[in-house]
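To start, the structure itself, in structure tokens.
Residue numbers (the numbering used here): 1 to 383.
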């Protein structure tokens, strides 16, 4: 079965959501805005809350009676691959991977001769911080850099001043928080202190963290969704008559993978022999860099040994079919997506094993093309 059943729709995606926010803030985008958000420009305050890991299907399944579900307007898609690295860069730049060139958690930086973990901006092999400006790697100008609103960014205090955040924050005033109380109070403070129209970008990571380590179907993940919703309800009550529009969405959803369905590269030495770099991207979509002399052997191995659990595509094919977006690609995009792309069936994932590095034991994964991962909620609350 071809698992490419849920592809990004760049007419109703998180990129188009950012085009709507940009349009309501005096800037244009090469991607069309969402038709349903034409009235956004009339709001004094626009608050974007990204609830990392909250899939549309997951909210429909586990969010009965919540404020989130009661204000659910429908679904939009993430980008490809639906990963924190790719999608958060799209939220911050207003552009898809086709333009910004970030294709997942692990990104091959040919210009530096290494594989990176792009958000912490570290070398994937030794864990050291990369000693080169990230602005040379993520060099796209955000569509939000010239907005006519006061721009605030609410991030966990541990990452609010990271090189990645500073590179993409532009003119935003960066505000760190330490817990869920200070998360919401920081948003409220940014609104009340604004002397003109404002835009507040905020990001909450905990559902994603729980889902990775315990699974999105775990009691703990479902409990946290309800706890967040209760805090959200109380927060909304403080915004009465503030002329604020809350826009709540996510970067991706999740797919739980049992331990026996995780493919570790160390268990496939013949596959590793075909590659001249570790597999990049994410655990459910992998970009493969194949030795020219091993192309036939690589294709044969995937078909015979992994063909029941994943699909093989040439990466150029996915670029040409606009999986990463439209318009001219980032000059490094083809370097970063490699020669071939593996997309895994639901319930399967691939983890790299580097020398001296053992991947963490994860229950929840993302980056694949299932509906659960690709479709995210669009929640609109007018206060």
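Where is the CB? At the ideal position from N, CA and C, for every residue including glycine.
Going by C-alpha distance, which of 361, 232, 57, 125 is nearest residue 389?
Since the first residue shown for the chain is 1 and the last is 383, residue 389 is missing from the structure and cannot be characterised.
What are the start and end residues of the beta strand (DSSP E) that includes residue 288?
Counting along the chain, the beta strand (DSSP E) containing residue 288 begins and ends at 285-288.
Assign residue 3 to one of three DSSP states: helix, strand, or coil.
Confidence in residue 3 is poor, its pLDDT being 45 and thus under 50, which makes the residue's placement too unreliable to answer from.
Identify whether residue 149 lies in helix, strand or coil by the three-state DSSP scheme.
Looking at residue 149 - three-state DSSP - the assignment turns out to be coil, as it is neither helix nor strand.
Check this for me: beta carbons of residue 382 and residue 245, under 8 Å apart or not?
yes
Simplified DSSP state of residue 121, which is helix, strand or coil
coil
So what's residue 167 in DSSP terms, helix, strand or just coil?
helix
Start and end of the beta strand (DSSP E) containing residue 194?
Per DSSP, residue 194 belongs to no beta strand (DSSP E) and is neither H nor E.
Are the Cβ atoms of residue 114 and residue 228 separated by less than 8 Å?
no
Quick check: what's the CA-CA separation for residue 66 versus residue 247?
16 Å
Around the Cβ of residue 387, are there at least 16 other Cβ atoms within 10 angstroms (buried) or fewer (exposed)?
Past the boundaries of the shown model lies residue 387; the chain is included only from 1 to 383, so the question cannot be answered.
Own chain residues within Cβ distance below 7 Å of residue 42, not counting five before or after:
none
Please confirm whether residue 152 and residue 200 have their CB atoms less than 8 Å apart.
Taking 8 Å as the Cβ cut-off, residue 152 and residue 200 qualify as a contacting pair.
Short check: CB of residue 109 to CB of residue 376, under 8 Å?
no
Let me know the secondary structure DSSP gives residue 77 once reduced to three states.
Residue 77 falls in the strand class under three-state DSSP.
Below 8 Å on the Cβ atoms is my guess for residue 63 versus residue 225; work out the distance and round it to an integer in Å.
Their Cβ separation, rounded to whole angstroms, is 6 Å, which keeps residue 63 and residue 225 in contact under 8 Å.
Thinking C-beta only, is residue 299 closer than 8 Å to residue 312?
Yes; because the gap between Cβ atoms is below 8 Å, this pair is in contact.
To the nearest angstrom, how far is it from the Cα of residue 155 to the Cα of residue 241?
26 Å
Tell me residue 116's beta-bridge partners as DSSP assigns them.
The partner list for residue 116 (beta bridge, DSSP) reads 107, 123.
DSSP puts residue 13 in a beta bridge; with which residues?
77
Ignoring anything shorter than 3 residues, give me the beta strand (DSSP E) runs that lie fully in the region 232-316, in order along the chain.
244-249, 262-264, 285-288, 310-314
Reference residue 230; option with closest CA among 286, 189, 180
180
Looking at C-alpha atoms only, which residue of 329, 368, 337, 366 is the closest neighbour of residue 139?
For residue 139, the closest C-alpha among the options 329, 368, 337, 366 is that of 329.
Contact between the region 191-198 and the region 165-172 (3+ Cβ pairs under 8 Å):
Flag = no, the region 191-198 and the region 165-172 do not touch.
Quick check: what's the CA-CA separation for residue 309 versus residue 295?
Rounded to whole angstroms, the gap between the alpha carbons of residue 309 and residue 295 is 20 Å.
Run through DSSP, which three-state label would residue 54 get?
coil
Any heavy atom of the ligand SAM closer than 7 Å to the beta-carbon of residue 111?
In the structure on display, the ligand SAM does not appear, and there are no ligands present to speak of.
With 16 as the cutoff for other CB atoms within 10 Å, does residue 369 come out buried or exposed?
buried
Does residue 372 pass the burial test, meaning 16 or more other C-beta atoms within 10 Å, or should it be called exposed?
buried
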